[in-house]
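Here's the structure we're looking at; comments come further down.
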Amino acid sequence: GAVVSQHPSRVICKSGTSVKIECRSLDFQATTMFWYRQFPKKSLMLMATSNEGSKATYEQGVEKDKFLINHASLTLSTLTVTSAHPEDSSFYICSARAPSGSYEQYFGPGTRLTVT
Amino acid sequence: GENVEQHPSTLSVQEGDSAVIKCTYSDSASNYFPWYKQELGKRPQLIIDIRSNVGEKKDQRIAVTLNKTAKHFSLHITETQPEDSAVYFCAASKSAGTALIFGKGTTLSVSS
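Same order as they appear, the protein sequences are chains F and H.
Residue 1 is where the first sequence starts when you use the working numbering, and the numbers rise one by one after that.
Residue 1001 is where the second sequence starts when you use the working numbering, and the numbers rise one by one after that.
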């Protein structure tokens, strides 16, 4: 089956620094990827839709200048949390749309971000 | 936009009993309804899904039913086992390639 990886799995950073999270589709090309964040004991909240070769589409309330998304190739999307603050601490999960014709999405293992 | 409501938020059952989780959605254009199981700190795992052209789908102990008119769908787990204990999420999307909108989740506890 389709595999999506994320790196790093865990990251701790200091307030004010930036952190980049990578999402890769390992064995298929993903023209569309999605970024979610999940607070403890809460649901997955869609942050943005990442389209290869074009600007990401952000959900209402998500600051695009704070959460920079780049989908430069058919197998890689990156999320950069800029000037991180403790309230940005969360579990960030990406997903990639399955190859054409399928509705299924494949999730990465998630990245636990802790901002101190 | 789409809004997915999920109930109950917690569900405790005895091993061997059945468990039912219900979701409603708001956007009549939604046509794909997956269910995910998530264990603590892990990625969501697809356990079953249904498209809008089908009313019911079953996979061993798990089944999903869909009522498009009422805009609700349900997950049924029969003969529950302790390893079924996890958080379950329903979701909806409009078409292949569009984002999933998740319900708030149900924490299922199966006691032996």
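Backbone N, C-alpha and C define an ideal beta-carbon position, used for all residues, glycine too.
Residue(s) in a DSSP beta bridge with residue i
| i | result |
| --- | --- |
| L76/F | R24/F, S73/F |
| R1083/H | Here residue 1083/H turns out to be Glu, not Arg, going by the sequence shown. Answer is none; E1083/H lacks a bridge partner. |
| T57/F | T49/F |
| T1106/H | Y1088/H |
| S5/F | R24/F |
| H1072/H | T1024/H, N1067/H |
| V115/F | C13/F |
| R1051/H | Y1032/H |
| Q105/F | R97/F |
| Q1038/H | V1087/H |
| V81/F | V19/F, F67/F |
| L44/F | Q38/F |
| D1059/H | I1062/H |
8 angstroms Cβ cut-off: residues of chain H touching residue i
| i | result |
| --- | --- |
| P109/F | K1042, R1043 |
Distance CB(residue i)-CB(residue j) smaller than 8 angstroms
| i | j | result |
| --- | --- | --- |
| V1004/H | A1086/H | no |
| Q1081/H | V1110/H | yes |
| L1040/H | L1108/H | no |
| I1050/H | K1057/H | yes |
| S1093/H | Y103/F | yes |
| S1074/H | V1013/H | no |
| S7/F | M33/F | It should be pointed out that residue 7/F corresponds to His in this sequence rather than to Ser. No, the Cβ-Cβ distance between H7/F and M33/F is not below 8 angstroms. |
Chain F residues whose Cβ lies nearer than 8 angstroms to that of residue i
| i | result |
| --- | --- |
| R1051/H | Y103 |
Neighbour flag for residue i against chain F, beta carbons, 8 angstroms
| i | result |
| --- | --- |
| I1048/H | no |
| G1016/H | no |
| A1099/H | yes |
| G1103/H | yes |
| A1096/H | yes |
7 angstroms Cβ cut-off: residues of chain F touching residue i
| i | result |
| --- | --- |
| Y1032/H | Y103 |
Any chain H beta carbon closer than 8 angstroms to residue i
| i | result |
| --- | --- |
| F67/F | no |
| L26/F | no |
| L46/F | yes |
| T82/F | no |
| I21/F | no |
| I93/F | yes |
| T114/F | no |
| R97/F | yes |
| T75/F | no |
Cutoff 8 angstroms; reference residue i; Cβ partners in own chain excluding five residues on either side
| i | result |
| --- | --- |
| G1103/H | V1004, E1005, Q1006, C1023, F1089, C1090, A1091 |
| T116/F | I12, C13, K14, S15, P86 |
| T31/F | N51, E52, L74, R97 |
| T82/F | S18, D65, K66, F67, L68 |
| N1067/H | G1055, F1073 |
| P99/F | A2, F28, Q29 |
Neighbouring residues, chain H, relative to residue i (Cβ below 7 angstroms)
| i | result |
| --- | --- |
| S43/F | F1089, F1102, G1103, K1104, G1105 |
| T32/F | G1097 |
| T49/F | A1099 |
Contact list for residue i against chain F, beta-carbon separation under 9 angstroms
| i | result |
| --- | --- |
| S1093/H | Y103, Q105 |
Sequence-distant residues of the same chain with beta carbon closer than 6 angstroms to residue i, five excluded per side
| i | result |
| --- | --- |
| W35/F | M47, A48, L79, C94 |
| R24/F | S5, T75, L76 |
| T114/F | I12, S89 |
| R10/F | R112 |
Residues near residue i in its chain [Cβ-Cβ closer than 7 angstroms; skip 5 each side]
| i | result |
| --- | --- |
| T57/F | A48, T49 |
| D1017/H | T1080 |
| A1099/H | S1093 |
Proximity test, residue i beta-carbon vs the ligand NAD heavy atom, cut-off 7 angstroms
| i | result |
| --- | --- |
| L46/F | What this structure holds is no ligand at all, so the ligand NAD is not there to describe. |
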